[in-house]
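Asker: In the numbering used here, the protein residues as written are 174 to 464. One structure is given below, represented as structure tokens, and several questions about it will come after.
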């Protein structure tokens with residue numbers, strides 16, 4: 174594959190095939206005669222009954238209408254997957270201004286929409302490495318572990334007025350309690366550790382927000398963070414993000430990843446202030462509410 178979008182190298186595919194994260198029954202191909210002209214590689218956790226993401230979609234340009242073939246590949250997979258899935262098209266920032274990248278994104282995006290992956294959110298991918306510096310604790314906020322019930326209550330408070338597209342859609346569809354429960358369950362099920370989780374308190378002992386360092390199978394990440402509505406606008410988001418960075422750095426992290434919606438300008442600005450660098454854009458397409 175030579176197009177300027179994210180793809181799966183052969184060594185990673187083979188390694189994760191051996192780990193049951195790619196599987197033959199999750200791998201779809203399109204053929205013309207005896208020639209393979211397209212492929213769709215779906216990914217899922219090693220112990221999952223079904224995949225959760227379309228990781229790679231490619232169609233030979235010689236077939237003509239690539240989006241049509243790609244849409245059929247996606248439909249073939251979706252027919253056998255009863256749970257929500259998503260497809261993230263990964264590209265460099267400013268992809269709309271580069272004709273080659275715009276074209277590569279365009280036919281994949283059209284195929285996904287045609288196949289039913291019509292919920293679309295564009296997200297910024299960020300990265301921190303030790304050379305970017307570990308922020309010192311300022312003492313403005315105090316951080317401490319808490320019970321599941323306390324965390325769940327703060328998930329619900331942070332959801333109010335959120336700029337995150339997934340949270341807003343979930344609130345509209347399910348309400349605050351189900352949204353909070355869904356967010357918490359997602360992070361409880363992620364490869365991160367519960368002992369990393371912290372509530373943030375003001376000097377007067379009031380709950381100001383929450384820091385949820387987390388992880389994927391590939392790296393540790395920022396996970397979830399937020400400030401409760403009554404304390405927004407005071408710069409506390411920088412303190413919460415700094416705490417997550419410190420926790421991962423103390424654990425020896427060589428890389429921390431993070432994402433936020435393009436439309437969430439305050440969070441993107443906080444990442445940049447903290448030394449996180451924008452490495453790519455992800456156009457997330459899904460057929461239901463996905464984290």
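The beta carbon of each residue, even a glycine, is placed where N, CA and C say it ideally should be.
Could you name the residues of the same chain whose beta carbon sits closer than 7 Å to that of residue 306, not counting the 5 residues immediately before and after it, in chain order?
Answerer: Cβ within range, chain order: 448.
Asker: Looking only at DSSP bridge pairs, what is residue 434 linked to?
Answerer: DSSP output for residue 434 lists 296 as bridge partner(s).
Asker: Within 10 angstroms of the Cβ of residue 463, are there 16 or more other Cβ atoms? Answer buried if so, exposed if not.
Answerer: Only weak support is given to the placement of residue 463: the predicted model assigns it a pLDDT of 45, under 50, and the value that follows is read from those uncertain coordinates. Flag for residue 463 reads buried.
Asker: Shorter than 7 Å, the distance from the beta carbon of residue 238 to the closest heavy atom of the ligand COA, or not?
Answerer: For the structure depicted, the ligand COA is absent and the ligand set is empty, with no information on it obtainable.
Asker: When the Cα of residue 358 is compared with those of 322, 418, 252 and 338, which residue comes out closest?
Answerer: Here the closest residue by C-alpha is 322.
Asker: Mapping the DSSP letters down to three states, classify residue 462 as helix, strand or coil.
Answerer: With a pLDDT of only 46 at residue 462, under the threshold of 50, the placement of this residue in the model should not be trusted, and no figure is reported.
Asker: Should residue 391 go down as buried or exposed, given a rule of 16 or more other Cβ atoms within 10 Å for buried?
Answerer: Counting Cβ neighbours within 10 Å, residue 391 comes out exposed, since fewer than 16 surround it.
Asker: Can you have a look at residue 336 and say buried or exposed, based on whether 16 or more other CB atoms are within 10 angstroms of its CB?
Answerer: Per the 10 Å Cβ criterion, exposed.
Asker: Just grab the DSSP bridge partners of residue 231 for me.
Answerer: In the DSSP output, where bridge partners are listed per residue, residue 231 has 212.
Asker: Please state whether DSSP places residue 399 in a helix, a strand or coil.
Answerer: Of the three classes helix, strand and coil, the one that applies to residue 399 here is strand, per DSSP.
Asker: Kindly indicate which residue of 224, 205 and 203 has the alpha-carbon position closest to the one of residue 194.
Answerer: Looking at the Cα atoms, 224 is the closest of the given residues.
Asker: Identify which residue in 197, 222, 227 and 325 has its Cα closest to the Cα of residue 181.
Answerer: The candidate whose alpha carbon is nearest that of residue 181 is 227.
Asker: Looking at the strands, I want to know which residues DSSP matches up with residue 259.
Answerer: 226 and 459.
Asker: Does the beta-carbon of residue 454 have 16 or more other beta-carbons within 10 angstroms, so that it is buried, or is it exposed?
Answerer: Answer is buried; the Cβ neighbour count reaches 16.
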